[in-house]
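Quick mapping for you: the protein sequence lines, in order, are chains W and D. Each residue of the first sequence is one higher than the last, beginning at 0 in numbering that gives the first Met the number 0. Each residue of the second sequence is one higher than the last, beginning at 0 in numbering that gives the first Met the number 0. Glycine included, C-beta positions come from ideal geometry on N, C-alpha and C. Values in this document were obtained by computation on a predicted structure and should not be read as measured data. Below: the structure, in structure tokens.
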Amino acid sequence: MTERDLFSELGPTSGDESLTLADYAERAYLEYAVSVVKGRALPDVCDGQKPVQRRILYAMNEMGLGPTAKPVKSARVVGDVLGKYHPHGDTAAYDALVRMAQSFSLRYPLIDGQGNFGSRDGDGAAAMRYTEARLTRYASLLLDEIDEGTVDFIANYDGSAQEPGLLPARLPMVLLNGASGIAVGLATEIPSHNLREVAQAVMLLLRNPKTSLDELLQVIPGPDFPGGSQLISAPADIRDVYDTGRGSLKLRARYTLEDLARGQWQLVVHELPHGVSAQRVLEEIEDLTNPKVKTGKKALSAEQQQLRQTVLSVLDTVRDESGKDAPVRLVFEPRTSKIDQQELLNVLLAHTSLETSASVNLVMVGADGRPRQKNLREILLEWTEFRVATVTRRSEHRLGKVQERIHVLEGRLLVLLNIDEVIRIIRESDEPKPALIARFSLSDRQAEDILEIRLRQLARLEAIRIQQELDTLRKEQGELEALLGSPSAMRRQVIREIEADTKKFGDDRRTLIEQAARASAEVKIAEEPVTVIVSERGWVRARQGHGHDATQFTFKSGDALYGAYEVLTTDNVFAIATNGKVYSVPVAQMPSARGDGAPITSFVELEAGARIEHTFAASGDAQVLLTSSSGHGFVCQAADLVGRTRQGKSFVVLDDGAEPLRPALIASQLNSVLCVSEGGKALVFGIADAKVLRNGGRGVILMGLDPKESLLQAIVFGDAGVVLEGVGRGGKPIRREFSARELSGYVGARARKGRLIEPRVKQARLLLR
Amino acid sequence: MRKLYCLDEAELHHVEEKLRKDGIREGAWSISRFKGLGEMNAEQLWETTMNPDTRRLLPVSLGALDRGATEQRFTMLMGKGEAASRRAWLEERGNEAEVDI
């Protein structure tokens, strides 16, 4: 879909008689998506505003609601915004206005709200008929130059008014206040930054456009959230996020340990991560200490019980003491003062959102009109280009004004000495304008000006005053022309202005950037030997200790032993499904061996149509040979199979119709692979010939197979050799032992077809001897 | 008073040209825009959208594409697991659409 032009065909006036479904759908979808992307959800790299925000600011500016004005009802602002520029819902516009006034949402609030504008605990603002609003001084960074020819104006939705397409931002607002939004196919999450730092980075880039990301990160070490908190990500991770424009940062609440009388102490949280409210933390603690039985379950799960115990063992009470003196003050009292402070902290950080990760996704509409993910350097560079262009336009505009005024003043100077004659001409002439032009050789504009001067003023024109004004204007003209004539002078001017704005608006960083390890919620599991018993039907259980007699295990009727694995409680049980997915379940979760155990399927979430084919347990560093009936196979480590979720992970790529075979554990001393096919052929080769694929895949051909032939099993054996079990003619069970020496007759290169092996058995199965 | 309906900017342009050619004074007409069906009176909805004499119906066909290609396109546009390709598509063609914001 590279060269199709969606928009030339099918126009309503083109007279086409039929619509191509796919093209029409694509065009309609694109229009919808783009209108959401550009018209709603994403900010612009130039001024950092979404359309609704831009319109609110512009409308308020037009209403004269500067920082010193008397605030007016929010409803009036919203009404103006809707009526003139933004034909959408009033709640959407008001919500946007409220957010711009919240000092805990925006690092540099653009609106000064009077009344209840909500709280960080999620309380909504009062209705717009109660609240009042005006602009803050930060808004002047966006609006000051709006009338100086800096930006293009476009017609509003019904053509009855003009609105700015962009605001002439004097600093990269998109980084200062950040943004978040969900569009179609795209979403954005831009954290806020410190004004001083961003301004400095921009100046670096203006001085040297080749400034590298690392140099920029020297001045912008990370985001700066309105609520403070601590950024604990490693500098390399932060760099990664800014380098790609995407990633996640780890945030942690800031706290103090307050000592009380008699050796008592309490933990006080005074800054929360961005987007986390004290209310939420309290709710989380409530859920932990007073858990609810999950729907469909009869009792609390072991995990819930354990968490409850963990929290209650260190925490006595928690209080929200936030108030007028402290915007955030969450007090945690330890169960006893003897508890390790670090332990209480760790439990709280690990199990509540006192520690969270903030996702970053720097998507915005670029200067070229395309929405795209950008890295930090691109954002700053694009903005500096915009800024230089804006200042150029502003200077050109001013120059035009100055030149016009000079022209007019020169005209006045010309007629000044002949005022009487001017008055005479005006009185006597039928058409005074051409007469004036002819008499004094004025331009049309100058004559117009003279005629427009009131008589009273005309008589009072003073040469000195005009000359003075002319002098200052000529000086300004010279400066402007120098500025416009030299790109480097222009850049210096832009830098000077940024410096001035930094002095005026800059403030200290609030978020502390200090690397710290994530608090881990690891529940300690005692490392004990255990035997995992797996049945043919996939039932699993764990029996304490090693060295059990496999023949003593009992199973449900019709079920039998599949395998017994001697592992540790810290290891995992792995299951392979018919669709090539592998699932891992910690051994610690296995039911005890007192009953028949539980089906492995109850621990995982299978995809529809898939079955668990094989289940085994192994320690993480064990090597495993995974094979499929199509004759492919590869080696990996058991640790590679460990997935985080119950959904498992796709690991084995299976050919059509192929199924995973029983995995072969590669213990030490085992170095040869024996493959046996359905047709009774056997092939032996060294394990080193099998490929190691730590990320899974299809593997290499282990045994060459004729069409319709399939691999039965592959086993890795050592000096002891293997056992072949199966059913012979007449249903008679057969068991035949092969020593390693006997098997040497089947040695061949990997992927060869092998030789027939005796005895011929049905339902053959290989075991280690 | 005469009412003329235009579907889009191009048609508006044509109509304005025609009015000028007919010697109607510039500014003698005014333009209002419908942003949605909700802004129309029943009568206006009839005139713009429902009236069989003036409404515009176009047949929808697979066109030059076969069923497979069409389905493929729809999967890209609406498919559940296709967020990444939609995103690439938007970044690629996002600037082509002309939209009223």
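Helix, strand or coil: which one does DSSP assign to residue i?
i	result
residue 350 of chain W	helix
residue 255 of chain W	strand
residue 50 of chain W	helix
residue 411 of chain W	helix
residue 0 of chain W	Per-residue confidence for residue 0 of chain W stands at a pLDDT of 39, beneath the threshold of 50, marking its modelled position as unreliable; no derived number is given.
residue 246 of chain W	strand
residue 11 of chain W	The predicted position of residue 11 of chain W is uncertain, since its pLDDT is 43 and thus under 50; a value taken from the coordinates is nonetheless stated next. Residue 11 of chain W falls in the coil class under three-state DSSP.
residue 241 of chain W	helix
residue 370 of chain W	strand
residue 665 of chain W	strand
residue 269 of chain W	strand
residue 417 of chain W	coil
residue 425 of chain W	helix
residue 596 of chain W	coil
residue 145 of chain W	coil
residue 45 of chain D	helix
Determine, using beta carbons only, whether residue i comes closer than 8 Å to chain D.
i	result
residue 184 of chain W	yes
residue 659 of chain W	no
residue 18 of chain W	yes
residue 108 of chain W	no
residue 606 of chain W	no
residue 24 of chain W	yes
residue 369 of chain W	yes
residue 663 of chain W	no
residue 21 of chain W	yes
Along the chain, where does the alpha helix (DSSP H) that runs through residue i open and close?
i	result
residue 467 of chain W	462-484
residue 800 of chain W	An answer regarding residue 800 of chain W cannot be provided, because it is not within the stretch 0 to 768 covered by chain W.
residue 611 of chain W	Run containing residue 611 of chain W: none in the alpha helix (DSSP H); it sits in the beta strand (DSSP E), 611-617.
residue 73 of chain D	66-77
residue 448 of chain W	443-451
residue 288 of chain W	277-288
residue 22 of chain D	No alpha helix (DSSP H) holds residue 22 of chain D; DSSP gives it neither H nor E.
For the beta strand (DSSP E) that residue i lies in, which residues bound it at each end?
i	result
residue 432 of chain W	From DSSP, residue 432 of chain W is part of no beta strand (DSSP E) but of the alpha helix (DSSP H) over 431-439.
residue 516 of chain W	Taken as a continuous stretch (DSSP letters only), residue 516 of chain W belongs to no beta strand (DSSP E), as it is neither H nor E.
residue 685 of chain W	680-685
residue 582 of chain W	580-585
residue 631 of chain W	631-636
residue 574 of chain W	571-576
residue 725 of chain W	721-726
Is there a C-beta anywhere in chain W that falls below 8 Å from the one on residue i?
i	result
residue 114 of chain D	This structure leaves residue 114 of chain D out entirely; chain D is present only between 0 and 100.
residue 15 of chain D	no
residue 19 of chain D	no
residue 27 of chain D	no
residue 103 of chain D	Given a span of 0 to 100 for chain D in the structure shown, any question on residue 103 of chain D remains unanswerable.
residue 93 of chain D	yes
residue 11 of chain D	no
residue 82 of chain D	yes
residue 34 of chain D	yes
residue 86 of chain D	yes
Given the structure, does residue i come close to the ligand ATP, in the sense that its CB is under 7 Å from one of the ligand's heavy atoms?
i	result
residue 263 of chain W	The model on display carries no ligand, and the ligand ATP is accordingly not part of it.
Worksheet item: Going along the chain, which residues of the stretch 27-50 of chain W sit with their C-beta nearer than 7 Å to a C-beta in chain D?
Response: 28, 29, 30, 32, 33, 34, 36, 37, 38 and 50
Fill in: Against chain D: residues of the stretch 157-184 of chain W by CB proximity under 7 Å
157, 158 and 184
Discussion item. Contact between the stretch 153-166 of chain W and the stretch 22-39 of chain D is defined here as three or more beta-carbon pairs at a separation below 8 Å; is this criterion met?
Written reply: The stretch 153-166 of chain W, when compared against the stretch 22-39 of chain D, does touch it at the 8 Å Cβ threshold.
Practice prompt. Could you say if the stretch 574-584 of chain W and the stretch 596-608 of chain W meet the contact criterion of at least three C-beta pairs nearer than 8 Å?
Written response: yes
Fill in: Three or more C-beta pairs below 8 Å linking the stretch 125-133 of chain W and the stretch 64-83 of chain W
Yes: at least three Cβ pairs fall under 8 Å.
Worksheet item: Just by C-beta distance, which residues in the stretch 50-80 of chain D are closer than 9 Å to chain W?
Response: 55, 57, 58, 59, 60, 61, 62, 63, 64, 68, 69, 70, 71, 72, 73, 75, 76 and 77
Worksheet item: Name the residues in the stretch 142-158 of chain W whose C-beta lies less than 7 Å from a C-beta of chain B; which are they?
Response: Of the chains in the structure shown, none is chain B; the protein chains are W and D.
Practice prompt. Mind checking the stretch 551-585 of chain W against chain D and listing, in chain order, the residues whose C-beta falls within less than 7 Å of any C-beta there?
Written response: none
Worksheet item: Just checking, does the stretch 98-114 of chain W make contact with the stretch 225-236 of chain W on the three C-beta pairs under 8 Å criterion?
Response: yes
Item to complete: Could you please tell me which residues of the stretch 53-87 of chain W, in chain order, have their CB closer than 8 Å to any CB of chain D?
Response: 86
Discussion item. Is it the case that the stretch 555-574 of chain W contacts the stretch 388-399 of chain W, given that we only count it when at least three CB pairs across the two stretches are under 8 Å?
Written reply: They do not touch, by the three-pair rule.
Discussion item. Count Cβ pairs between the stretch 359-372 of chain W and the stretch 43-62 of chain W that sit closer than 8 Å; are there 3 or more?
Written reply: yes
Worksheet item: Residues in the stretch 116-136 of chain W with C-beta within 9 Å of chain D's C-beta atoms, listed in sequence order?
Response: none
Worksheet item: Is the stretch 280-294 of chain W touching the stretch 347-359 of chain W in the sense that three or more CB pairs, one from each, lie closer than 8 Å?
Response: yes
Practice prompt. Would you check if the stretch 759-767 of chain W and the stretch 741-751 of chain W touch, i.e. whether three or more CB-CB distances between them fall below 8 Å?
Written response: no
Worksheet item: Are three or more beta carbon pairs between the stretch 621-634 of chain W and the stretch 646-657 of chain W nearer than 8 Å?
Response: yes
Worksheet item: Can we say the stretch 201-219 of chain W touches the stretch 425-436 of chain W, given the rule of at least three CB pairs closer than 8 Å?
Response: no
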